[in-house]
Amino acid sequence: MENKIGSINYRELLNKYKMVLVLICMVIIMSIVSEHFLTSQNIINIIRQISINAILAIGATFVIITGGIDLSQGSVLAVSGVIAASFIKHGYASIFIAAITGILVSCLLGFINGLTIANFKVPPFVVTLAMMTIARGIAYVYTDGRPIVDLDKRFLVLGQGSLGFLPYPIIVMIIVAVLAAIILYMTKFGRYVFSIGGNIQAARVSGINTNRIIVLVYTLSGLLAGLAGVMLASRINTGQPQAGQSYEMDAIAAAVIGGTSLSGGVGTIAGTLVGAIIIGVINNSLNLLNVSQYYQLIVKGIVIAVAVIIDVKSQKKF
Amino acid sequence: MNGSSEYLLEMRNISKHFPGVQALDDVTFKVKRGEIHALVGENGAGKSTLMKVLLGIIQPDKGEIILKGERVKIYNPRIALSLGLSMIHQEISLVPERTVAENIWLGREPTLKRVGFLKWSELFSKTEKLLKELDLIINPKQKVSSLNVAGMQMVEIARAVSYNSDLIIMDEPTSALSEKEVEKLFNIIRSLKEKGTSVIYISHKLDEIFKIADRVTALRDGQYIGTSDITQVDHQTLISMMVGREIKNIFPKKQIEIGNTVMEVKGISRKGAFEDISFSVRKGEILGIAGLMGAGRTEVVRAIFGIDPIDSGSIFIDNEKVKIDSPKKAIKLGIGLVTEDRKKYGLALCRSVKENISMANMDKFCKLSFISRKKELKACQEMIRLLSIKTPSHKQTVSSLSGGNQQKVVLANWLQTQPKILILDEPTRGIDVGAKSEIHKLMTQFAEEGMAIIMISSELPEILGMSDRILVMHEGRVKGEFSRDEASQEKILACAVGGEQSGK
Ligand SMILES: Nc1ncnc2c1ncn2[C@@H]1O[C@H](COP(=O)(O)OP(=O)(O)OP(=O)(O)O)[C@@H](O)[C@H]1O
Ligand SMILES: [Mg+2]
């Protein structure tokens with residue numbers, strides 16, 4: 001009897017940390033296969049590369065927990081990037097103000113997403129799909145389809161510089177993750193996000209202003225996409241209207257691999273980070289092994305499918 | 319191999335463990351051919367779990383199942399069906415956007431050979447025949463989502479019967495049915511029995527069990543307590559078999575000093591739902607609202623609570639006219655609503671017990687938007703204790719609680735808002751006798767503290783036992799009003815079916 005309880009707890013634990021285990025296995029295998037993998041240089045490299053995806057994925061996590069989805073993140077990211085870049089290039093404002101402007105415009109786009117979803121009761125998939133096209137269009141119109149290159153050196157620090165051995169993108173990612181976790185687990189807003197995803201009708205009957213929370217969640221997703229856009233522009237020294245294409249897919253994938261349920265109500269920030277790292281490790285490993293970009297896509301797709309299958313299987317027991 | 323065995327089904331030494339609970343512990347359960355066997359026990363005793371094991375929905379840790387003298391392994395519900403076992407689930411499991419006919423024959427639709435196209439006309443005529451046999455007035459072409467809960471339950475029943483099984487399991491089939499429909503169901507059960515079909519009947523309504531069952535088995539905390547002929551036991555013995563102690567008073571009503579009018583509803587109407595509803599409720603008073611299923615009672619309280627809009631009429635709270643356009647506003651004004659359909663409006667099933675208990679109370683636990691965990695936890699644990707919610711911990715997801723315990727979680731959520739006016743829509747549906755008497759005791763206690771309570775119930779004994787005043791609704795209108803003293807089962811029933819205006 002005692003024994004049985006022990007073994008079941010063990011199984012539950014295993015279930016909870018299964019993706020961490022997958023990650024550990026990947027790391028072990030890769031450090032055997034390639035001597036370049038487990039070097040501090042490479043590890044920092046991986047984390048720096050995932051930082052943008054992780055930031056988007058955190059936004060996606062909030063949205064998906066409410067039972068929604070945000071397909072516009074990649075395009076919104078581009079809008080923010082080109083606005084910030086052009087402001088800097090033309091000297092409209094200080095670097096800081098330029099970045100903030102880009103982010104605020106992204107917030108606004110996210111806000112419009114949320115408002116439309118909440119007020120017209122249109123499925124998030126459709127609304128954000130429309131916004132995906134619209135925002136991409138805005139980015140092209142704004143730049144006339146041409147990239148804005150050669151930005152102020154000081155702006156590039158955000159994407160390229162580092163504090164000691166830690167690159168700034170990693171620091172920003174950590175700050176975002178910590179703040180997100182605080183918001184999600186420790187505030188009323190975070191709790192309502194879970195309640196809405198669990199059962200929006202019950203949440204409404206319980207007096208929760210569900211529309212307000214939904215608008216806020218999509219605004220937050222827009223804000224993080226905007227932040228990611230500024231970071232990307234700084235990193236590639238360009239305001240690129242094509243930037244961030246299909247980034248939303250990687251973000252959703254990271255969230256789902258990390259255990260966020262697409263039917264809503266379930267998800268964690270730590271899980272999403274693990275999901276983002278797994279995707280990063282896959283990309284990095286395949287690079288180290290000289291697998292072509294094209295094959296990388298296939299492998300990544302398979303991993304996502306497997307992750308979702310495992311997730312569904314382990315929940316089905318109830 | 320001998321088919322002459324007296325027992326159709328023997329479940330032997332079944333055990334099942336879930337994280338934190340031994341749901342079944344060495345349970346043995348035998349059903350004879352052609353008998354109606356009641357299965358009773360408190361909320362969380364393991365009744366549904368035992369039946370899920372039988373149907374192959376979950377696998378037991380230990381034990382064996384003997385069906386018609388042969389040992390069988392039931393790995394999934396399909397095998398169970400092919401062995402002649404079917405079930406009416408406690409939780410309705412229909413596809414809402416499909417028609418009644420499609421739902422009944424789901425997976426067994428008559429199709430053109432090989433091509434696989436549906437033969438719609440045959441599908442509908444088959445359904446019509448079945449429904450007629452069962453004396454159910456439901457249109458086969460109607461979408462299930464357009465039926466009320468009772469209608470859906472009847473469709474579930476028709477589906478279970480349509481398999482022509484040897485054994486039909488009914489897990490609380492009457493929880494959403496009115497007396498008349500219950501009578502219909504009993505007729506169906508009796509004719510099944512005549513055909514030699516066995517029925518396992520799970521219910522918390524002891525009257526029903528005495529009326530329909532041949533034998534009864536009790537479970538308690540996952541353990542087998544005993545089996546007996548129904549003629550050998552009385553109410554008290556059955557209750558003590560279930561809860562392990564005696565319950566003296568299911569309706570612990572106290573005479574409480576009734577205060578001022580807290581809420582007054584004047585002539586409210588909502589097109590297609592109810593018309594010209596007026597009533598008032600006073601401090602310390604329990605106002606019962608009786609009526610048949612579909613009389614519009616739920617619609618009225620939903621509108622009062624701001625879930626649905628009101629077309630005309632007005633509501634006064636403490637003599638002040640108020641406009642309630644959202645549940646948030648209602649809660650602010652001191653109203654609480656325990657909804658009828660807990661799955662749809664009451665619970666976030668994938669979230670924890672704690673989060674569900676505090677869903678409507680977050681403002682109380684928050685300072686500057688930050689949750690005070692300590693405060694929240696303390697309040698939740700107090701509620702879990704107060705309502706004796708059976709759960710391994712406050713972290714458990716609500717979906718894994720037994721039906722009755724889920725109901726208590728909804729109740730806890732609303733009790734915590736400490737409303738001035740508490741509206742309870744079928745508060746004890748699916749709740750065991752012990753817990754029922756607890757909830758009634760709480761109602762009395764809250765009334766004593768000055769709360770005004772409006773209770774919708776389809777159980778007449780509950781209405782009669784707990785209310786100070788009784789409103790009877792019929793087809794969206796108030797048909798009568800009775801004081802506690804003048805009310806009787808006959809009078810209310812006559813009024814509820816639309817008989818002449820009585821009372822006052
Ligand atoms: N999937 C599950 N995971 C964890 N615990 C479970 C699960 N299913 C049931 N339980 C637990 O097993 C116990 C028995 O539950 P069960 O649903 O069989 O009760 P019941 O007798 O049908 O109660 P009720 O009258 O309330 O419907 C309960 O304590 C319940 O919380
Ligand atoms: Mg049950």
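One line per chain: the protein sequences are A and B, in this order.
Just so we're aligned: 49 in our numbering is position 49 of the first sequence, and the numbers increase by one with no gaps anywhere.
Heads up, our numbering is the position in the second sequence plus 318, with the first residue counted as 1.
Don't be surprised by glycine CBs; every beta carbon is placed ideally from N, CA and C.
Fair warning: this is a prediction, and the values are worked out from it, not measured in the lab.
Residue i beta carbon near ligand 2 (any heavy atom closer than 7 Å)
i: Gln-408 of chain B; result: yes
i: Asp-489 of chain B; result: yes
i: Ser-558 of chain B; result: no
i: Ser-546 of chain B; result: no
i: Ser-720 of chain B; result: yes
i: Ser-366 of chain B; result: yes
Beta-carbon contacts of residue i that lie in its chain and below 8 Å, excluding the five residues immediately before and after
i: Val-105 of chain A; result: Val-79, Ser-80, Ile-83 and Gly-226
i: Ala-531 of chain B; result: Ile-354, His-355, Ala-356, Tyr-519 and Ile-548
heavy atom of ligand 1 below 7 Å from residue i C-beta
i: Leu-403 of chain B; result: no
i: Thr-492 of chain B; result: no
i: Phe-336 of chain B; result: yes
i: Asp-379 of chain B; result: no
i: Lys-713 of chain B; result: no
i: Ala-363 of chain B; result: yes
i: Val-312 of chain A; result: no
i: Ser-323 of chain B; result: no
i: Val-339 of chain B; result: yes
i: Gly-664 of chain B; result: no
Interface flag, residue i vs chain A, CB-CB below 8 Å
i: Ser-411 of chain B; result: no
i: Met-769 of chain B; result: no
i: Met-677 of chain B; result: yes
i: Asn-361 of chain B; result: no
i: Gly-821 of chain B; result: Residue placement at Gly-821 of chain B cannot be trusted, given a pLDDT of 45 that sits under 50; what the coordinates show is reported in the next sentence. Judged by the 8 Å Cβ criterion, Gly-821 of chain B is not in contact with chain A.
i: Gly-321 of chain B; result: Caution is warranted here: a pLDDT of 49 is assigned to Gly-321 of chain B, below 50, making its placement in the model unreliable, and no coordinate value can be reported.
i: Cys-668 of chain B; result: yes
i: Ile-653 of chain B; result: no
i: Asn-466 of chain B; result: no
i: Gln-763 of chain B; result: no
i: Glu-575 of chain B; result: no
i: Thr-709 of chain B; result: no
C-beta contact flag for residue i and residue j at 8 Å
i: Ala-243 of chain A; j: Ile-58 of chain A; result: no
i: Phe-634 of chain B; j: Gly-794 of chain B; result: no
i: Leu-56 of chain A; j: Ala-251 of chain A; result: yes
i: Leu-216 of chain A; j: Ile-52 of chain A; result: no
i: Gly-402 of chain B; j: Asp-484 of chain B; result: yes
i: Ile-282 of chain A; j: Val-299 of chain A; result: yes
i: Ala-135 of chain A; j: Ser-75 of chain A; result: yes
i: Gly-606 of chain B; j: Arg-615 of chain B; result: no
i: Ser-72 of chain A; j: Leu-109 of chain A; result: yes
i: Leu-412 of chain B; j: Glu-474 of chain B; result: yes
i: Leu-368 of chain B; j: Leu-327 of chain B; result: no
i: Met-19 of chain A; j: Gly-275 of chain A; result: yes
Neighbourhood of residue i by C-beta distance below 6 Å, restricted to the same chain and skipping five residues each side
i: Ile-392 of chain B; result: Gly-374 and Ala-398
i: Gly-338 of chain B; result: Pro-710
i: Ala-730 of chain B; result: Ile-675, Met-701 and Leu-705
i: Tyr-663 of chain B; result: Thr-657
i: His-355 of chain B; result: Val-349, Ile-518 and Arg-533
i: Met-572 of chain B; result: The identity of residue 572 of chain B in the sequence shown is Lys, whereas the question assumes Met. Thr-762, listed in sequence order.
Neighbour flag for residue i against chain B, beta carbons, 8 Å
i: Ser-72 of chain A; result: no
i: Gly-226 of chain A; result: no
i: Ala-180 of chain A; result: no
i: Gly-350 of chain A; result: Residue 350 of chain A lies beyond the range of chain A shown here (1 to 318); nothing can be said about it.
i: Ser-7 of chain A; result: Any reading at Ser-7 of chain A is ruled out, since the residue's pLDDT is 47, under 50, leaving its predicted position unreliable.
i: Glu-2 of chain A; result: In this prediction, Glu-2 of chain A has a pLDDT of 35, which is less than 50 and means its spatial position is unreliable; what the coordinates show is noted afterwards. Not closer than 8 Å to any Cβ of chain B, the Cβ of Glu-2 of chain A fails to qualify, so no.
i: Lys-325 of chain A; result: There is simply no residue 325 of chain A to check, as chain A begins at 1 and stops at 318 in what is shown.
i: Glu-12 of chain A; result: yes
i: Ser-195 of chain A; result: yes
Same chain, Cβ closer than 7 Å to residue i, five either side skipped, listed in chain order
i: Ile-649 of chain B; result: Ala-678 and Thr-735
i: Gly-267 of chain A; result: Thr-61, Ile-64, Ile-65, Ala-255, Gly-259, Thr-260 and Ser-261
i: Ile-138 of chain A; result: Val-79
- Taking a Cβ distance cut-off of 7 Å, strictly less, list which residues of the stretch 685-701 of chain B are near chain A, in chain order. Ser-687, Phe-688 and Ile-689
- In chain order, what residues of the stretch 251-272 of chain A put their CB closer than 7 Å to some CB of chain B? Gly-265 and Val-266
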